[in-house]
Amino acid sequence: MTHYAAEDLLVRARRGELGEDEARRFEVAVRASRELQLLYEAGLEFDAQAELLAGDEQRMSSLVTGALQELERAEPPRAAVASRRRRSDAWFFATSVGLGMLLSVALASAWQLAERRLRGVTPSPAPVIAAKRRAEPVVAPSSPPSSASPIAELEPAPKPRRISSAAPPTSRVVEAASPSPSPSELFARANEARRSGAHEAAIAAYEELIGRYPDSIEAEDARVLVGNLRLSQRAPGAALGAFEQYGTGALSPEALWGRARALRSLRSPEERQVLERILQEYPDSPYASGARQRLEQL
Amino acid sequence: MIRLVHNQSEPAPRLEGRPADELLGLATAAARGDRSATHALLVALAPHLLRTVRSVLGRSSSDVEDVAQEAALVVLRALPEFRGESSVVHYAKRTAVLVAMNARRHRSASKRGAGRAAATTDVDALDGALDDPERRLARAQLAEAVRELLTTLPAPQAEALALHCMAGCSLAEIAAASGAPLETVKSRLRLARQALRQRIERKPALMELLESEP
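Line by line, the protein sequences give chains A and B. Heads up: the first sequence begins at 19 in our numbering, then just goes up one per residue. Heads up: the second sequence begins at -5 in our numbering, then just goes up one per residue.
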């Protein structure tokens, strides 16, 4: 039998994993030590406070999308990296050719000098200068392609922000690689409009995102956000349409709850079925208790 | 008086995410830059990150979402260094604890600088089933005392306390996640709990409430 340390008994008690003997040992340990009692009581409180709250699905979805967006912003798309590598290779090739040419000319000059010395003729610097002039554009390109990038990679990443407060990306590499706004850029714009209270502008931006990138992760979330905005505008028909477009994902309970709210506003008997689905499919979601209460009223 | 309470609030496995083995596969793929694996990993870890950060900062903190996202980024960026010494979930929880403690320390410093009052009890935490309001209030104050302690304890002790109390990690899980020997973790936690007792003993009314029969 495993002999757990007192601290582990506290954790197992919080998880409801204590066996009969362990429960006795737990009681004895906690009664004997004020410190252990405090740790246990505090642990219970943190467990209670850690319960998921209404709206957490949306918060988690924003967290996921925001983190992915920040990651993309910090790390240029692979296409851009590949293109940078190609430029780097070309620069290396050109430099090698230039140096090679310079070396050949220098060797030729040295050979000529030796010949002239043998013949008693003074040297002329002209061929070397001419060679330098030819080599200049190659040896010193106007924009060294990759010299700055290693330094940039060593710099600390900018402080991440939530997607709601995210400004449009400013990375030149990203812009060069994608002339039209990416799903995450459109999503950030729409979120910004929503947060600032410009609901119509937000809906327009979300719908543009859904239209342009219907299969993107951001478009999935956008459907639920449009539904919520339409509900707040007292447009349950439009809201219902938006919620019904949502497939299956992290916001499924939220989308179902939105559908139920829209159907309630429309006084549709279908509301009951949707509430029952929430209870069956997402009994632990924050919406389950609301669904149960509403079903009792119906 | 202590009563044995089985944790009713422990979320269902479906909400908790996937099993650890599957997360390890996702973590490996995400470390290679696989975007869909990164997305799936984030979806699985998001509840853990959000809850851990919320525990450290308090439910009423407006910084929870920002800090949870920061923790998510730290987790993703450090994935290439992750060697699977602990489960991916514990690795993520530890990261969330460290990032949130850092944010809390900064916040405390700026509050002190502004001469504002110390953190108050997280009254939002009192919402919900109040079968014993006074006791619940005492527990909320105790939780706040733990949070305050995180900003004053030496970092390794604070980390062990947060992982144990807030993230519900066992000694072995803390040792695996932090890379410290088990005995060291025990010692850190012992020092942290002594500091907690000393802090609470300065609040006799709170101590009395905690010791009372429920």
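Yeah, the Cβ is synthetic: ideal placement off N, Cα and C, and Gly gets one too.
Among the options, nearest to residue i - alpha-carbon criterion
{"i": "T145 of chain B", "options": "B:A86, B:S80 and B:A189", "result": "B:A189"}
{"i": "T32 of chain B", "options": "A:I221, A:V82 and A:W275", "result": "A:V82"}
{"i": "R129 of chain B", "options": "A:L62, A:L27 and A:G37", "result": "A:L62"}
{"i": "Y85 of chain B", "options": "B:A34, B:A97 and B:L70", "result": "B:L70"}
{"i": "A31 of chain A", "options": "A:E59, A:Y264, A:A280 and A:R52", "result": "A:E59"}
{"i": "S267 of chain B", "options": "B:R133, B:A174 and B:S49", "result": "Nothing can be reported for residue 267 of chain B: it is not among the residues displayed for chain B, which extend from -5 to 208."}
{"i": "A24 of chain A", "options": "B:K197, B:R48, B:K180 and B:V61", "result": "B:K180"}
{"i": "A395 of chain A", "options": "A:Y22, A:I221, A:A68 and A:E35", "result": "Absent from the model: residue 395 of chain A. The displayed extent of chain A is 19 to 316, so no value can be given."}
{"i": "S202 of chain A", "options": "A:R49, A:Q311 and A:A85", "result": "A:A85"}
{"i": "S80 of chain A", "options": "B:L147, B:D60, B:S30 and B:P198", "result": "B:D60"}
{"i": "L200 of chain B", "options": "B:S172, B:A161, B:P148 and B:L131", "result": "B:L131"}
{"i": "A66 of chain A", "options": "B:E167, B:L176, B:M160 and B:E195", "result": "B:M160"}
{"i": "P254 of chain A", "options": "A:L89, A:L284 and A:A306", "result": "A:L284"}
{"i": "A12 of chain A", "options": "A:S234, A:E238, A:L204 and A:I235", "result": "The question about residue 12 of chain A has no answer, for chain A in this structure spans 19 to 316."}
{"i": "E288 of chain A", "options": "A:E262, A:S303 and A:Y305", "result": "A:E262"}
{"i": "L183 of chain B", "options": "B:V82, B:G27, B:S30 and B:A169", "result": "B:A169"}
{"i": "R196 of chain B", "options": "B:R53, B:L136, B:R98 and B:P148", "result": "B:L136"}
{"i": "N96 of chain B", "options": "B:A40, B:A149, B:L35 and B:T178", "result": "B:A149"}
{"i": "S49 of chain B", "options": "A:E69, A:S286, A:Q76 and A:D74", "result": "A:E69"}
{"i": "L269 of chain A", "options": "B:A40, B:S164 and B:E16", "result": "B:A40"}
{"i": "R33 of chain A", "options": "B:V140, B:S54, B:F76 and B:G162", "result": "B:G162"}
{"i": "E218 of chain A", "options": "A:E236, A:P301, A:S250 and A:A237", "result": "A:S250"}
{"i": "A278 of chain A", "options": "A:E225, A:R312, A:S303 and A:Y264", "result": "A:R312"}
{"i": "Q25 of chain B", "options": "B:P74, B:S54, B:V47 and B:T46", "result": "In the sequence on display, residue 25 of chain B carries Ala and not Gln. Among B:P74, B:S54, B:V47 and B:T46, the Cα nearest to that of A25 of chain B is on B:P74."}
{"i": "A139 of chain B", "options": "B:R29, B:R187 and B:S30", "result": "B:R187"}
{"i": "R191 of chain B", "options": "A:D239, A:P301, A:L316 and A:S51", "result": "A:S51"}
{"i": "T46 of chain B", "options": "B:A34, B:Q63 and B:L35", "result": "B:Q63"}
{"i": "S172 of chain B", "options": "B:G78, B:R98 and B:L147", "result": "B:G78"}
{"i": "G267 of chain A", "options": "A:R282, A:L281 and A:A240", "result": "A:A240"}
Delimiting residues of the alpha helix (DSSP H) encompassing residue i
{"i": "T46 of chain B", "result": "R29 to L51"}
{"i": "Q63 of chain B", "result": "V58 to A72"}
{"i": "M160 of chain B", "result": "From DSSP, M160 of chain B is part of no alpha helix (DSSP H); its letter is neither H nor E."}
{"i": "R184 of chain B", "result": "L176 to E195"}
{"i": "G276 of chain A", "result": "S270 to S283"}
{"i": "D239 of chain A", "result": "I235 to S250"}
{"i": "S172 of chain B", "result": "L165 to S172"}
{"i": "G78 of chain B", "result": "Here G78 of chain B belongs to no alpha helix (DSSP H), and DSSP marks it neither H nor E."}
{"i": "E203 of chain A", "result": "P201 to R213"}
{"i": "A219 of chain A", "result": "H217 to R230"}
{"i": "E25 of chain A", "result": "A24 to R33"}
{"i": "P301 of chain A", "result": "Counting along the chain, P301 of chain A falls outside any alpha helix (DSSP H), and DSSP gives it neither H nor E."}
{"i": "T20 of chain A", "result": "Counting along the chain, T20 of chain A falls outside any alpha helix (DSSP H), and DSSP gives it neither H nor E."}
{"i": "T83 of chain A", "result": "D74 to A92"}
{"i": "L313 of chain A", "result": "A306 to Q315"}
{"i": "E63 of chain A", "result": "R52 to Q67"}
{"i": "G255 of chain A", "result": "P254 to Q263"}
Legend entry - Members of the stretch 72 to 97 of chain B near chain A, C-beta cut-off 9 Å: So nothing in the stretch comes that close.
Inset, instruction - Evaluate contact between the stretch 147 to 165 of chain B and the stretch 87 to 102 of chain B, counting only Cβ atoms and requiring at least three cross-stretch pairs below 8 Å. - result: The count of Cβ pairs closer than 8 Å, one atom from the stretch 147 to 165 of chain B and one from the stretch 87 to 102 of chain B, reaches three, so the stretches are in contact.
Inset, instruction - Using a Cβ-Cβ cut-off of less than 9 Å, give me the residues of the stretch 276 to 299 of chain A that come near chain B, in sequence order. - result: Across the stretch 276 to 299 of chain A, no CB contact with chain B closer than 9 Å is found for any residue.
Inset, instruction - Residues of the stretch 147 to 167 of chain B with a CB closer than 9 Å to any CB of chain A: list them in chain order, please. - result: Against chain A - using a Cβ distance shorter than 9 Å - the residues of the stretch 147 to 167 of chain B are L155, H158, C159, M160, A161, G162, C163, S164, L165, A166 and E167.
Inset, instruction - Taking 8 Å as the threshold, find out whether the stretch 234 to 251 of chain A comes into contact with the stretch 34 to 43 of chain A through three or more Cβ pairs. - result: They do not touch, by the three-pair rule.
Inset, instruction - Could you say if the stretch 222 to 237 of chain A and the stretch 197 to 207 of chain A meet the contact criterion of at least three C-beta pairs nearer than 8 Å? - result: Look at the beta carbons and you see the stretch 222 to 237 of chain A touching the stretch 197 to 207 of chain A: at least three pairs across the two are nearer than 8 Å.
Legend entry - Proximal residues, the stretch 53 to 65 of chain A versus chain B, C-beta separation under 9 Å: The stretch 53 to 65 of chain A vs chain B, Cβ under 9 Å: E53, L54, Q55, L56, L57, Y58, E59, A60, G61, L62, E63, F64 and D65.
Legend entry - Short-range partners of chain A found in the stretch 24 to 40 of chain B, where Cβ spacing is below 7 Å: For chain A, the residues of the stretch 24 to 40 of chain B that bring a beta carbon within less than 7 Å of one of its beta carbons are T32, H33, L36, V37 and A40, in chain order.
Legend entry - Short-range partners of chain B found in the stretch 69 to 81 of chain A, where Cβ spacing is below 9 Å: Flagged, chain order: E69, L70, L71, D74, R77, M78, S79, S80 and L81.
Inset, instruction - Spell out a yes or no on whether the stretch 290 to 304 of chain A and the stretch 273 to 280 of chain A are touching, meaning 3 or more CB-CB pairs, one atom from each, closer than 8 Å. - result: With the cut-off at 8 Å, the stretch 290 to 304 of chain A and the stretch 273 to 280 of chain A touch.
Inset, instruction - Taking only beta carbons into account, state which residues of the stretch 128 to 139 of chain B come closer than 7 Å to chain A, listed in chain order. - result: Of all residues in the stretch 128 to 139 of chain B, R133, A134, L136 and A137 have a Cβ within less than 7 Å of some Cβ in chain A.
Legend entry - Positions along the stretch 218 to 242 of chain A whose CB lies within less than 9 Å of some CB in chain B: Within the stretch 218 to 242 of chain A, the residues whose Cβ lies closer than 9 Å to some Cβ of chain B are I235, listed in chain order.
Inset, instruction - Could you run through the stretch 53 to 67 of chain B and flag, in chain order, every residue whose CB is less than 7 Å away from some CB of chain A? - result: So the close ones are R53, E59, D60, A62, Q63, E64, A66 and L67.
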